[in-house]
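Colleague:
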Amino acid sequence: YLFVDLLFWEVKPKENKPHILRGEIHFFRELIMNPKHITLFSKLQLLKSLRIYHPFLINIKDDTKKLTNYLQDIMNWRNRFAHGDVSFELLRGGVLSDNSYLYYVEENKLQKHILNKELFDKIIDPLFDRAEKQIVLIRGKVREMFKQGEPEFYIKTP
C-alpha cells in the first residue's frame, strides 16, 4: 500500500460515501499495486514514471527521486537476503565461526557481510528511517496541494 497511500491518501471518495473509493484509485490500488504477481521492482519503476508524468508529483520530483533512491537501496538489501545465503564460516579444525554471514553476488563478485547488530543499526534500519521521513515530507507537500484544490488525475504525456 506504500505507493497508493503516498499518492492518494487524501483523495475523497465519490459521492461522499467513505467506504466507496474513486474508481481510478480502486483500479490502481487493487489491480496494479497490490497484486503479488507484480514485483517490487516493477512497482518501483512505476513510481519513477509517475514521478516524471503525474501532475502533482512533477512539482516535487526531487523529493520523490530521493524516495525512489531510498526504496531502491532497501530493495537491494532485500535481494541480497532473498538470493544470497546466510551461513557460518568454517574455520580451521572444522570449527564454525561465532558470527553468521550473508553471502551474495554483486557486480559478478561474491560478497560477504557479517550479520550483526551494527549492520542493522548503522545500515538497514537507517534506510527504512530515511524512506519513512521522505514519505512524511512528500505527504505534507501533497496535502498542501490538496488544500489548493484536488488535482486532476491524468498522466502528462511525454
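Everything in the sequence shown is counted per the numbering used here, starting at 873 for the first residue and increasing by one. Glycine included, every Cβ here is placed at the ideal spot set by N, Cα and C.
1) Using three-state DSSP, classify residue 1008 as helix, strand or coil.
2) Report the residue from 940, 982, 943 and 919 whose alpha carbon sits nearest the alpha carbon of residue 958.
3) Can you list, in chain order, the stretches of the alpha helix (DSSP H) that have 4 or more residues and sit fully within the segment 931–972?
4) Bridge partners of residue 978, per DSSP?
5) Quick check on residue 1003: buried or exposed, where buried means 16 or more other Cβ atoms within 10 Å of its Cβ?
6) By how many angstroms is the C-alpha of residue 1019 removed from the C-alpha of residue 939?
7) Can you confirm whether the segment 968–975 touches the segment 993–1003 when touching is taken to mean that 3 or more C-beta pairs between the two stretches lie within less than 8 angstroms?
Modeller: Well, looking at it:
1) Residue mapping note: residue 1008 aligns to position 136 of the sequence shown, counting from 1. Helix, per DSSP.
2) Taking the sequence shown and counting its residues from 1, the one referred to as residue 958 is at position 86. When only C-alpha atoms are compared, the closest one is 982.
3) 933–955
4) Sequence index remark: in the sequence shown, residue 978 carries index 106 (1-based). Paired residues: 981.
5) Translated into the one-based positions of the sequence shown, residue 1003 becomes position 131. Residue 1003 should be labelled buried.
6) Your numbering for residue 939 matches position 67 in the sequence shown. Your numbering for residue 1019 matches position 147 in the sequence shown. In a straight line, the C-alpha of residue 939 is about 23 angstroms away from that of residue 1019.
7) no
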